Amino acid sequence: MSVPMDAPLTVLGIESSCDETAAAVVRLDSAGPRVLSDVVLGQAAQHAPYKGVVPEIAARAHVEGVDAVIGAAMRDAGLGYADLDAVAATAGPGLIGGVMVGLLAGKAIALAHDKPLLAVNHLEAHALSPRLAEGGAQFPYLLLLASGGHCQFIAVLGVGDYRRLGSTIDDALGEAFDKVAKLLDLGFPGGPLVEQAAKSGDPKRFALPRPLAGRDGCDFSFAGLKTACAREIERLGAPSAQDRSDLCASFQAAVLDILEDRTERAMRLFDPLWGARGRLVAAGGVAANQAIRGLLENLAERNGYDFVAPPMRWCTDNAAMVALAGAERLRLGMVDGLDAPARPRWPLDEAAARLRPSHRPGRKGAKA
Ligand code: KG4
Ligand code: ZN
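Here the numbering used here is used: the first residue of the sequence shown is -19, the next is one more, and so on.
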């Protein structure tokens, strides 16, 4: 049963699929969503010595932090559990130990307080996150979702209605940023550090490949670019600070060229299918990158698109986007049972046929 459009819905969201333990309360009414609280407990310091996210450490940290984070979100919102209309928790895809922690916490609250549960797909939360922005993103829109685990173009037609237009055939874009940072010993998480280092570097010093640029469709490939960076670093031996900056700048320049080519092709797929003036939306951690945001903004303008990106704190993992996805689904009556499983893999458009079935997305080693 769906809820009347104008009835305000207040939903607690919980996020624990990677290395942030997060909880937030969002109220959705006819004027749009309002974030009443938004708490994120990061784990970067625990993972930094290993230069990457260690699943077992992440799961333990979620167990240790989840109660306090949920308590803080409820306190900041000035609400008790009885005031909630539902509880939403990320149920996948992600690191399964962490997903189970947040999902179980959500189930316990839903059961104890007799509230509906929404088992939210983390990718759907990212896909809807631009609707948290001032003015929101109206459906339909062309979404570039670029994070540590995913890189894809999705036509977002409505809540629960997603069509994948293209995706990476090997690595995610955030993964490539993290790998370059690791090879250069910049620290963790790598994306923001590569962006920072690139600011004082020469983007033309290293000739790096632009995989798949110029090809039909809008799939991505970053494995060759990553390997080319590794080879340059090997050749340098002990890179100086300037070498590091130059390599980061050259890597980011290659990424911008690839994104420019792929995004324009995604627009050409999106245009005839879903409307005259398009809307281009960026989400996921990589959308926090200022150079990438700038490029997308220019591309949108050049192609007669409007550009929307969530504020930075809602680009990287957070629970406001989970609460919003939950509220939007609740409004449509799409609630889940307490037996909803935690899912390490969970494609966003699993029910929808791919528009261009020439690649199987996300399979390492697939041919372009
Ligand atoms: O969405 P997110 O927080 O978590 C996942 O669901 O993966 O994205 C994290 C990813 C990491 O790979 C991180 O290095 C990347 O987003 N990232 C960035 C920037 N900020 C975060 N990549 C490039 N530039 C940034 N400023
Ligand atoms: Zn994410």
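Ideal Cβ placement from N, Cα and C applies to all residues, glycine included.
Only a predicted model underlies this, so the values are computations on that prediction, with no experimental measurement involved.
First through last residue of the alpha helix (DSSP H) which encompasses residue i
| i | result |
| --- | --- |
| Pro96 | First-last for Pro96: undefined, no H or E at that position. |
| Gln118 | Segment: none, Gln118 is in no alpha helix (DSSP H) and carries neither H nor E. |
| Gly306 | 300 to 311 |
| Glu330 | Note, Glu330: premise wrong, no alpha helix (DSSP H); not H, not E. |
| Asp158 | 153 to 163 |
| Thr1 | No alpha helix (DSSP H) holds Thr1; the beta strand (DSSP E) holding it covers 0 to 9. |
| Arg293 | Per DSSP, Arg293 belongs to no alpha helix (DSSP H) and is neither H nor E. |
| Leu275 | 270 to 282 |
| Asp182 | No alpha helix (DSSP H) holds Asp182; DSSP gives it neither H nor E. |
| Met54 | 35 to 57 |
Residue i, enclosing beta strand (DSSP E) - first and last residue
| i | result |
| --- | --- |
| Gln232 | Note, Gln232: premise wrong, no beta strand (DSSP E); alpha helix (DSSP H) at 221 to 253. |
| Arg143 | 141 to 147 |
| Gly70 | Note that residue 70 is Thr in the sequence shown, not Gly. From DSSP, the beta strand (DSSP E) with Thr70 extends over 66 to 72. |
| Cys131 | 131 to 138 |
| Pro13 | 12 to 22 |
| Phe287 | 285 to 288 |
| Gly(-7) | -11 to -5 |
| Gly258 | 258 to 263 |
Cβ shell of residue i (< 6 Å), same chain only, five flanking positions each side left out
| i | result |
| --- | --- |
| Cys209 | Val160, Phe231 |
| Phe157 | Gly170, Gly171, Val174 |
| Leu216 | Asp223 |
| Ala280 | Leu260, Phe287 |
| Ser109 | Ala263, Pro290, Trp294, Met301 |
| Asn298 | Ala2, Val20 |
| Met247 | Asn283 |
| Arg14 | Arg7 |
Length of the line joining the Cα atoms of residue i and residue j
| i | j | result |
| --- | --- | --- |
| Glu240 | Leu122 | 14 Å |
| Ala107 | Ala320 | 21 Å |
| Leu112 | Gly154 | 22 Å |
| Glu175 | Glu114 | 26 Å |
| Gly32 | Phe168 | 7 Å |
| Ile(-6) | Ser180 | 38 Å |
| Leu164 | Ser201 | 21 Å |
| Gly22 | Cys295 | 14 Å |
| Trp401 | Ala105 | For the chain, the structure presents residues -19 to 348; residue 401 sits outside this window and is missing. |
| Gly140 | Ser220 | 49 Å |
| Asp94 | Ala234 | 52 Å |
| Arg190 | Lys206 | 11 Å |
| Leu328 | Pro252 | 22 Å |
| Leu124 | Leu304 | 19 Å |
| Glu244 | Phe250 | 10 Å |
| Gly258 | Gly138 | 14 Å |
| Ala24 | Ser(-4) | 14 Å |
| Ala85 | Ala39 | 13 Å |
| Val315 | Leu8 | 16 Å |
| Arg336 | Asp63 | Residue placement at Arg336 is flagged as unreliable, the pLDDT there being 39, under the threshold of 50; a coordinate-derived value is accordingly withheld. |
| Ala99 | Arg309 | 10 Å |
| Gly345 | Ala135 | Confidence in Gly345 is poor, its pLDDT being 28 and thus under 50, which makes the residue's placement unreliable; the coordinate value appears in the next sentence. Roughly 25 Å between the two C-alpha positions. |
| Arg211 | Asp(-1) | 30 Å |
| Asp65 | Ala41 | 28 Å |
| Ala68 | Ala300 | 10 Å |
| Leu(-11) | Tyr61 | 13 Å |
| Leu59 | Gly204 | 50 Å |
| Phe119 | Ile37 | 38 Å |
| Val(-9) | Leu103 | 18 Å |
| Asp47 | Ser17 | 15 Å |
Cβ neighbours of residue i in the same chain (closer than 7 Å, five flanking residues each side left out)
| i | result |
| --- | --- |
| Val19 | Ala2, Ala3, Ala4, Val49, Ala52, Ala53, Asp56 |
| Gly12 | Gly116 |
| Ala350 | The structure shown has nothing for residue 350, since the chain only spans -19 to 348. |
| Val34 | His27 |
| Asp375 | Because the chain is modelled from -19 through 348, residue 375 falls outside the range shown and cannot be assessed. |
| Leu275 | Leu236, Leu239, Glu240 |
Distance cut-off 8 Å: residue i Cβ against heavy atoms of ligand 1
| i | result |
| --- | --- |
| Gly129 | yes |
| Asp165 | no |
| Ala152 | yes |
| Ile272 | yes |
| Cys349 | The chain is shown from -19 up to 348; residue 349 falls before or after that span and cannot be answered. |
| Cys(-2) | yes |
| Val67 | no |
| Phe157 | yes |
| Glu175 | yes |
| Asn269 | yes |
| Cys295 | yes |
| His106 | yes |
| Pro35 | no |
| His93 | no |
Neighbourhood of residue i by C-beta distance below 8 Å, restricted to the same chain and skipping five residues each side
| i | result |
| --- | --- |
| Ala271 | Glu175, Ala178, Gln232, Leu236 |
| Ala152 | Ala126, Ser127, Gly128, Gly129, His130, Cys131, Phe202 |
| Leu318 | Lys87, Ala90, Leu91, Leu97 |
| Val43 | Val81 |
| Arg273 | Ala262, Ala267, Ala289 |
| Glu330 | none |
| Ile213 | Leu163, Leu164, Pro219, Leu227 |
TODO: Under 5 Å from any heavy atom of ligand 2, by CB: list those residues in chain order, please.
DONE: Residues with a Cβ closer than 5 Å to any heavy atom of ligand 2, in chain order: Ser127, Asp297.
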